[in-house]
Every structure is written in structure tokens, then in C-alpha cells.
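*Asks:* Residue numbers are given in my numbering: position 29 of the sequence shown equals residue 146, and the series is strictly consecutive. For every residue, glycine included, the Cβ atom is placed at its ideal position computed from N, Cα and C.
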Amino acid sequence: MNLNKNAILAILEKENWSFSKFALELGISRATVSRVMNGQRSPSGVFISAFKKRFPKKSIDKYFFV
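(1) Along the chain, where does the alpha helix (DSSP H) containing Ser166 start, and where does it finish?
(2) Let me know if Pro173 comes out buried or exposed under the rule of 16 or more other beta-carbons within 10 Å of its beta-carbon.
(3) Work out the CA separation of Ala124 and Asn133 for me, nearest whole Å.
(4) Examine chain B for any beta-carbon lying closer than 8 Å to the beta-carbon of Leu120, and answer yes or no.
(5) According to the Cβ coordinates, are Ile145 and Ala167 closer than 8 Å?
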């Protein structure tokens, strides 16, 4: 699974969130968010599930793709 980094960054910009705040909102570690956002790691099922739980109305297809 790959991440649409620009779409995620648009959320962070709109909400005025840092990676740390984004991690807090998702309930996952800052290190995980940093690694995924910097392309060092693909988003895991935990990351995607946390995103879906925090943003239930957003289409997963816009943010994550195969």
C-alpha cells in the first residue's frame, strides 16, 4: 500500500497540524508517522485503520493506493 503524501499534507496544512499532532490524532507513534511521511516505510494496516477511524468521511482511495 502506498501513501498519497500530497493529500495527507493537505489535511495537515488545513488543520495546521505537525506530524506530532497528526500522530496524536491518529493514536499512533510520531516515529511511525515520520517514517511513513518520509517514505522510509509503507503505511501499515494500523496506520490506515487509525486514519479511517479519525477521518471516517474521507475516501481511503484518495489517500492510499496500491
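*Replies:* Well, looking at it:
(1) 162-171
(2) exposed
(3) 14 Å
(4) Of the protein chains in this structure there is only one, and it is not chain B.
(5) yes
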